[in-house]
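Student: Pasting a structure here, questions to come.
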Amino acid sequence: MKKFKINGKGLVGTINKKQMKKGSYSIAITAIVIAIVIAANLVMAEIPSQYTQVDVSEQKLYTISDETQKLLKSLDEDVTMYFIVQSDNKDGTVEKLLERYEDASSHIKVKQMDPVLHPSFTDKYTSEELAENSVIVVCEDKSKIVDYSSMYQQEMNSYSMSYETTGFDGEGQLTSAISYVTSNDLPMMYNIEGHGESSLSSSLESSIKKGNIDVQSLNLLTEGKVPEDADCILINSPTSDFSEDEKNAVIEYLEDGGKALIFSDYTAEDMKNFDEILRTYGVEREDGIIFEGDSQHYLSQMPYYLVPDINSTDITQDLKEKGTYVLVPVAQGIKKIDKYRDSLDIQSLLSTTTSSYSKVNMNSETLEKEEGDIDGPFDTAVSIREEVDEDTETQIVYFSTSAILQEQVNQMVSGGNIDLVMDCLSWMCKSENTVSVQAKDLTVSYLTWTGHAAGSWSICLILVIPGAILILGVVIWMRRRKQ
1 MKKFKINGKG LVGTINKKQM KKGSYSIAIT AIVIAIVIAA NLVMAEIPSQ YTQVDVSEQK
61 LYTISDETQK LLKSLDEDVT MYFIVQSDNK DGTVEKLLER YEDASSHIKV KQMDPVLHPS
121 FTDKYTSEEL AENSVIVVCE DKSKIVDYSS MYQQEMNSYS MSYETTGFDG EGQLTSAISY
181 VTSNDLPMMY NIEGHGESSL SSSLESSIKK GNIDVQSLNL LTEGKVPEDA DCILINSPTS
241 DFSEDEKNAV IEYLEDGGKA LIFSDYTAED MKNFDEILRT YGVEREDGII FEGDSQHYLS
301 QMPYYLVPDI NSTDITQDLK EKGTYVLVPV AQGIKKIDKY RDSLDIQSLL STTTSSYSKV
361 NMNSETLEKE EGDIDGPFDT AVSIREEVDE DTETQIVYFS TSAILQEQVN QMVSGGNIDL
421 VMDCLSWMCK SENTVSVQAK DLTVSYLTWT GHAAGSWSIC LILVIPGAIL ILGVVIWMRR
481 RKQ
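Each step along the sequence shown adds one to the number in full-length UniProt numbering, with nothing skipped, and position 66 is 66.
Spelled out as structure tokens, the structure:
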């Protein structure tokens, strides 16, 4: 057998060279992989969170709305949002929402401030102690505090006798704060009282507040006229008539380029002076209450709960684009008077179909159309404008029912009614910063069905599906019998 003489030094050297060569390749590959990972992380860090973090929450809690996007794109001043919280106590939803704001505009900066490390930081903005996860929004010398408690809506559960979280209003509050600190002049609206007017619903009150519109009460009997600082007046469904002097005060204000948001309801009592205000601007109320004959335009089994057509106007454009419904209960028809001045521009915002009719006899025992009832279609909301001079224009929005402001009615169309009213105020106040974002409902959402949809589904569930199952059963039975 031939023996091999092994040179230990040479073998070791050969092995070491091979190992070093392989080791060099491994180190190089590892370094390249690490560099790629670091570079990828740096790139990902620069990509807005809206593209790297998917909002999988059912209510899209930290996805900002088109209204907020529009406001943020219009910013020309820097806004800082101080997130008052310790790192271990962050509300993840609020944190992600703030990231979306920062991603949407180069003028927004979010800074976390630890209240333990910086205990006196909030003193320059408020003397009150802030809850963690609160946000201070600052633009130059203006600031507004969004307290953490205002971001979540709570209601008392009558069964458990405890409070339950029903809505998340983080976006609404933060957007309102940004609008406030970046606005120079905030609109002033006077709410006329003294005629049994309806009180503002909590939804409307909250939306007006978030829209940064200041609301003051006004009694025309004692004041005598509409104050000069009024950007708009609100007449909310009076149940007794205006006096002659009050009527003249309102008309005088409007003739000088005033703005008015007006709601009315059916009243058995004569409202001569109130109706005269409307007629001065080319419209009047139709007799009776509207009933809709087209089942696709009323709520299931309630033909007086109207789902009107939303007409294309400057006010309603956003609602139409989003496919939002508006629900209009117990409304009167609005019609133009026979003769009105050419300078008036009257546009329909909401209208019923040709199948609608106005039931004149309020004591009737039937909901069907009777002799004497008035044929539709009808307007249930109109906008009116009249040029006073080159720089001044009278603007009025009139709704023939105040029931659209009711909480439950508004909820049935996912806030569509209040959205429309706020669009009207934004149009009249001529403020791009009058933005009010609805809270996101955390409870079970309403499914709004028209009479036609409800009837179609009833036929499907009661007849079609059981019938199909029955036919399938007969077919299977006959096949087995033949076998």
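Note that CB positions come from ideal geometry on N, CA and C, so glycine has one too.
Quantities reported herein were computed from a predicted structural model and do not represent experimental measurements.
(1) Kindly provide the ranges of any beta strand (DSSP E) runs that are 3 or more residues long and lie completely inside the stretch 237 to 325, ordered along the chain.
(2) Return yes when the Cβ of residue 237 is within less than 8 Å of the Cβ of residue 263, no when it is not.
(3) Does the count of Cβ pairs from the stretch 362 to 373 and the stretch 315 to 328 closer than 8 Å reach three?
(4) Let me know if residue 356 comes out buried or exposed under the rule of 16 or more other beta-carbons within 10 Å of its beta-carbon.
(5) Quick one: using the 10 Å Cβ neighbour count with 16 as the cut-off for buried, is residue 221 buried or exposed?
(6) According to DSSP, simplified to helix, strand and coil, what is residue 177?
(7) In this structure, how does DSSP classify residue 168 when only helix, strand and coil are distinguished?
(8) In angstroms with no decimal places, state the Cα-to-Cα distance between residue 480 and residue 465.
(9) Can you give me the C-alpha to C-alpha distance between residue 403 and residue 417, rounded to a whole angstrom?
(10) Considering only residues of the stretch 394 to 447, which uninterrupted alpha helix (DSSP H) runs meet the minimum length of 4 residues and lie entirely inside it, listed in chain order?
(11) Who are the Cβ neighbours of residue 405 in its own chain at under 6 Å, not counting the five residues just before and after it?
(12) I need the straight-line Cα distance from residue 133 to residue 147, nearest angstrom please.
(13) Opposite residue 234 in the DSSP bridges: which residues?
(14) Taking the alpha-carbon positions, what's the residue 108 to residue 77 distance?
(15) From 126, 248, 274, 64, pick the residue whose C-alpha is nearest to that of residue 196; which is it?
(16) In chain order, what residues of the same chain lie with their CB nearer than 8 Å to the CB of residue 155, ignoring the 5 residues before and after it?
(17) Beta-carbon within less than 6 Å of residue 240's beta-carbon, same chain only, minus the 5 sequence neighbours each way: which residues are those?
(18) For the beta strand (DSSP E) that residue 104 lies in, which residues bound it at each end?
(19) In terms of residue numbering, what span does the alpha helix (DSSP H) encompassing residue 386 cover?
Tutor: Answer, in terms of the structure:
(1) 259 to 263, 283 to 285, 289 to 291, 302 to 306
(2) yes
(3) no
(4) By the neighbour-count criterion, in which a residue is buried when 16 or more other Cβ atoms sit within 10 angstroms of its Cβ, residue 356 is buried.
(5) It is exposed - the Cβ of residue 221 has fewer than 16 other Cβ atoms within 10 Å.
(6) helix
(7) strand
(8) 23 Å
(9) 10 Å
(10) 407 to 412, 416 to 429
(11) Close CB contacts of residue 405 within its chain, under the 6 Å cut and outside five residues either way in sequence, are with 201, 204 (chain order).
(12) When rounded, the separation of the alpha-carbon atoms in residue 133 and residue 147 is 8 Å.
(13) 191, 261
(14) 9 Å
(15) 274
(16) 163, 164, 166
(17) 195, 196
(18) Counting along the chain, residue 104 falls outside any beta strand (DSSP E), though it belongs to the alpha helix (DSSP H) covering 92 to 104.
(19) Segment 379 to 389 is the beta strand (DSSP E) holding residue 386; no alpha helix (DSSP H) there.
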